[in-house]
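**Student:**
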Amino acid sequence: MKIYEQHKTDKDHIATPRYVVEDIYSLIDIESFKSIWFPFNNYDSEFKLRADELNLKYKATHIFDDLGNDFFTTEPPANCDLMISNPPFSNQNEI
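First residue of the sequence shown? That's 2 in the numbering used here, and the numbers climb one at a time after it.
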């Protein structure tokens, strides 16, 4: 079992529902952005899954991925014009 699968049950893993992602994408006109970064949304994130359906250009990273991309120490991808995510709630004051 991968680290991500083990942590899906901890208190900080609150997946954003599909309908919320769709509303956000509609409100911000997601297709107008050229390069998007999902810093907490690798794996089964609705942000990422919907972006795939819309053929959006994005980079998805997560602290539990193979590279250990911690949001607090990872630089945004070059030419990124939008960062969108649902960060770990317990760290809200650090963001």
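Glycine included, every Cβ here is placed at the ideal spot set by N, Cα and C.
(1) Under three-state DSSP, which class holds Ala-61?
(2) Quick check on Leu-55: does DSSP put it in helix, strand or coil?
(3) Could you check what DSSP says for Phe-48 in three-state terms: helix, strand or coil?
(4) Between Ala-61 and Thr-75, what straight-line distance do the alpha-carbon atoms span, to the nearest angstrom?
(5) Out of Cys-81, Phe-39 and Glu-47, state which residue places its alpha-carbon closest to the alpha-carbon of Asp-24.
**Tutor:** Here's the rundown:
(1) strand
(2) coil
(3) helix
(4) 12 Å
(5) Glu-47
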